[in-house]
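Inspection log for the structure reproduced underneath, given as structure tokens.
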Amino acid sequence: MSHDDDYVDYASPEPGTRTRFAEGDNDGRYDTRRGGRVSPSRAMVTVVGVVVLLIAAIAFANRGGNTDDDPESTANPDTKAQPTAPTGDTPVKTPVNGIPTGFPHSAEGAQSAAANYTVPLAGAGMFDEDERADIVRALYVPGVAEARLSALDEVYDDPAFLQRIGLEEDGTAPTGTTFVSRINPVGASVKAYTDDTAKIAVWYSALFGLAGEDSENPVTESWYTTTYELQWADGDWKVSDYTQKDGPVPVGRDQTASSAEDMAEAIEEFGGFTYAR
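Sequential numbering from 37 applies to the sequence shown in the working numbering.
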């Protein structure tokens, strides 16, 4: 992204992120048939391979974006994140098909948009053809959306890809399992900002896998940072490009993995969030 001379310098500490409860549970459409207990070590190698495969496939589909070891490498070197500050603006004014839209035309609004957009762009809805089209057309810049959608369709409709991650050819979970692809943003920071463009980094954890007795890909947690190039278009912040890297990854606690039944119940019971600055 250009316009470096116009960027605002955010020379202040890393932010925290406030959260607001969503109005509904977006995961209610998934089957929650109960499975048995999954051994936490049974398919660890397979799980790692699946997660790497998913990241590579999505990066390939989003040809304008890429997976990068350092997503900040093209940002203004003098920019740093600003501290969290209440703006008084409602973070989501006009949800469209359950997708948050209508963010303030400000640096805070751009951060809120990026954090919220991460959830559907990497969520389970991307595995449904109709939902995927709604998500991409709602969140990408109009001139980019159709090309990205076509590339994403190639990936998500590929039977071999779906089989590798344990799904049926139509993108649904096998009988007796619950598909989980849930993103949990932890924080966001401004890397660069002008009146009509923004570069926003979002740090998040991702739950991905199949909960069920016969699952070979049990639900695991991973950590990533995605840096979005946003443009102000049609009265809202829209995605034009992105880069992604692993981590930062916190030290894990020695906790016993939950059973497939407990995991499926949790996914059904606990809804997501609307993320705000």
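By construction, the Cβ of each residue, glycine as well, lies at the ideal position given by its N, Cα and C atoms. Since this is a predicted model, take the numbers as computed values, not measurements.
Taking C-alpha positions only, W239 is separated from N253 by approximately 24 Å. Membership of R218 in the beta strand (DSSP E) is indicated by the continuous run T214 to Y229. For F306, there is no enclosing alpha helix (DSSP H), as DSSP marks it with neither H nor E.
Counted as a single uninterrupted DSSP element, the stretch harbouring V155 is not any beta strand (DSSP E) but the alpha helix (DSSP H) occupying residues A143 to L157.
Fewer than three beta-carbon pairs drawn from the stretch 218-226 and the stretch 178-186 are found closer than 8 Å, and the two stretches are therefore not classed as touching. Using a C-beta cut-off of 8 Å, the stretch 248-262 makes contact with the stretch 275-289, since at least three inter-stretch Cβ pairs fall below that distance.
In the DSSP assignment, L266 falls within the unbroken beta strand (DSSP E) covering T256 to A269. The three-state reading of DSSP puts Q199 in helix, counting H, G and I together. Judged by beta-carbon spacing, G248 lies within the 8 Å limit of A296, meaning their Cβ atoms are closer than that value. Annotation: S186 is outside any beta strand (DSSP E); the continuous alpha helix (DSSP H) that includes it extends over P178 to Y192. Of the candidates Q291, L266, G307 and I303, L266 places its Cα closest to the Cα of A228.
Spanning the alpha carbons of F244 and D231 requires a straight line of approximately 36 Å.
In this structure, Y264 lies near A150, with their beta-carbon atoms less than 8 Å apart. DSSP places G138 outside both helix and strand once states are collapsed to three, so it counts as coil. Here the alpha carbons of M162 and P140 stand approximately 26 Å from one another.
Short of 6 Å from the beta carbon of A242, and not among the five residues preceding or following it, lie these beta carbons of its own chain, in chain order: I219 and S258. Going by C-alpha positions, A302 is about 19 Å away from P210. Only exposed fits S186, as fewer than 16 other CB atoms lie within 10 angstroms of its CB. Counting C-beta atoms within 10 angstroms of its own C-beta, T292 has fewer than 16 neighbours from the protein chains shown and is therefore classed as exposed. By the 16-neighbour rule on beta-carbons within 10 angstroms, F306 is exposed. Under the 10 Å beta carbon count, Q147 is surrounded by 16 or more other beta carbons and is classified as buried. With a cutoff of 8 Å on beta-carbon distance, D270 and P178 are scored as near each other. No residue range can be given for V285, since it is assigned to no beta strand (DSSP E) and is classified by DSSP as neither H nor E.
Excluding five sequence positions before and after T154, the CB atoms of its chain that fall closer than 7 Å to its own CB belong to I219, P221, V238, Y240 and T262, given in chain order. Beta-bridge analysis with DSSP links S276 to no other residue.
Collapsing the DSSP output to three states places A300 in a helix.
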